[in-house]
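Protein chains in written order, with our numbering: chain P, 1 to 119; chain A, 1001 to 1119.
Note that CB positions come from ideal geometry on N, CA and C, so glycine has one too.
Protein chains: 2
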Amino acid sequence: MTISEVSQKYGITTDTLRYYERIGLIPPVPRRKNGIRDYDEKACNWVSLVKCMRSAGVQIEPLIEYVALVQADKGMERRKNILLEQRAKLLAQAEQLRTTIELLNYKIEHYEEWLPKNK
Amino acid sequence: MTISEVSQKYGITTDTLRYYERIGLIPPVPRRKNGIRDYDEKACNWVSLVKCMRSAGVQIEPLIEYVALVQADKGMERRKNILLEQRAKLLAQAEQLRTTIELLNYKIEHYEEWLPKNK
DNA sequence: GTATCAGATTAAGTTTACTTTAAGTCAATG
DNA sequence: CATTGACTTAAAGTAAACTTAATCTGATAC
């Protein structure tokens, strides 16, 4: 799979895909002889994982550490801890989101009452 | 209320409070004769609102527009739309968060199974 | 009365996460 | 066989949201 196909499939620009690889957010992608990237299933799965994490707002730094540990096939405890830490953050974020959505619901209702009367 | 009291109350640095005011994210705060800010209840409520929105990830730009409209006491329709737009974004974000938390749950479980056996 | 400390302003600097630019390679098409 | 278009790298640039630095003012502590 070429980089532009992967780009299309996951909605990530080719620039960003190369950037992710360069900084170690995804492991090195297999290449053809001429140096052109040829994403296999494993590489795609990494892209998919990173896309999921990033669009939830997981930071790049901890992900880089995680990816490096998986590559080196070590640090199982540490890897689990990274996942636990990130999940904790996302849970807190979800809670904050809930609160703010409630507030917005309340405010929007207020406008709903007000607008028909005065318009 | 002084700026440092407000800072403590909401967990926002004084620098950030001044920054927010400067860019119009909160309306001008009342001052004492010597120019020192004296937050009244209204000002505090703005801080509280902005804190809530910002910690949920609502962008500054739309909030500035919203605050300006409220200040000018106009654009009710537009104001409501801003709130609707932001709520829609937060709902989408909440959904993405849910997906990613699920994925993390799954992965963490996997480590939970694996670790006791091999450690 | 002078030192220190909260508060003020303006402008420049920082961080995170990309994005764009510059410059080059290579395969295929007209 | 030149040109088009996708691919490559390295380095510089950008956007959003603060943060820090430099400098100043005025009130209270010793």
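### Secondary structure of residue 78 of chain P, DSSP reduced to three states
Taking the first residue of the first sequence as position 1, residue 78 of chain P is located at position 78. It is helical.
### Task
Quickly, what does DSSP pair residue 1054 of chain A with across the bridge? List them, please.
Within the second sequence, the letter at position 54 stands for residue 1054 of chain A. BP columns for residue 1054 of chain A are empty, so no partner.
### Query
Residue ranges of each alpha helix (DSSP H) run of no fewer than 4 residues wholly in the segment 1011 to 1055 of chain A, ordered along the chain?
1014 to 1022 and 1041 to 1055
### Query
Which bits of chain A does residue 99 of chain P rub up against, with CB to CB less than 8 Å?
For this step, residue 99 of chain P is matched to residue 99 along the first sequence. For the C-beta of residue 99 of chain P, the chain A residues within less than 8 Å are, from N- to C-terminus, 1052 and 1056.
#### Entry: Within chain P, the residues that residue 1108 of chain A reaches when beta carbons sit closer than 9 Å
Translated into positions along the second sequence, residue 1108 of chain A becomes position 108. Going along chain P in sequence order, the residues near residue 1108 of chain A (Cβ under 9 Å) are 80, 83, 84 and 87.
### Query
Near residue 1001 of chain A, what residues of its chain come up, given a Cβ to Cβ distance below 6 Å and the 5 sequence neighbours on each side ignored?
For the purposes of this step, residue 1001 of chain A is identified with residue 1 of the second sequence, where counting begins at 1. Taken in chain order, the residues that qualify are 1039.
### Query
By how many angstroms is the C-alpha of residue 87 of chain P removed from the C-alpha of residue 1105 of chain A?
Residue numbering aside, residue 1105 of chain A sits at position 105 when the second sequence is read from its first letter. Residue numbering aside, residue 87 of chain P sits at position 87 when the first sequence is read from its first letter. Approximately 8 Å, taken between the alpha carbons.
### Interface flag, residue 1001 of chain A vs chain P, CB-CB below 7 Å
Taking the first residue of the second sequence as position 1, residue 1001 of chain A is located at position 1. It does not; no Cβ of chain P falls within 7 Å.
### Query
When DSSP labels each residue in this structure, what does residue 59 of chain P get in the three-state scheme?
Residue numbering aside, residue 59 of chain P sits at position 59 when the first sequence is read from its first letter. Residue 59 of chain P falls in the coil class under three-state DSSP.
### Message
Going by beta-carbon coordinates alone, are residue 1010 of chain A and residue 1047 of chain A separated by less than 7 Å?
### Response
Residue 1010 of chain A sits at position 10 when you count from the first residue of the second sequence. Residue 1047 of chain A sits at position 47 when you count from the first residue of the second sequence. Taking 7 Å as the Cβ cut-off, residue 1010 of chain A and residue 1047 of chain A qualify as a contacting pair.
### Query
Taking Cβ-Cβ distances shorter than 8 Å, what residues in chain A pair up with residue 114 of chain P?
Start at 1 with the first residue of the first sequence, and residue 114 of chain P comes out as number 114. Chain A residues near residue 114 of chain P: 1076.
### Task
For residue 2 of chain P, name the three-state secondary structure that DSSP assigns.
On the first sequence, residue 2 of chain P is found 2 positions in, with the first residue counted as 1. Of the three classes helix, strand and coil, the one that applies to residue 2 of chain P here is coil, per DSSP.
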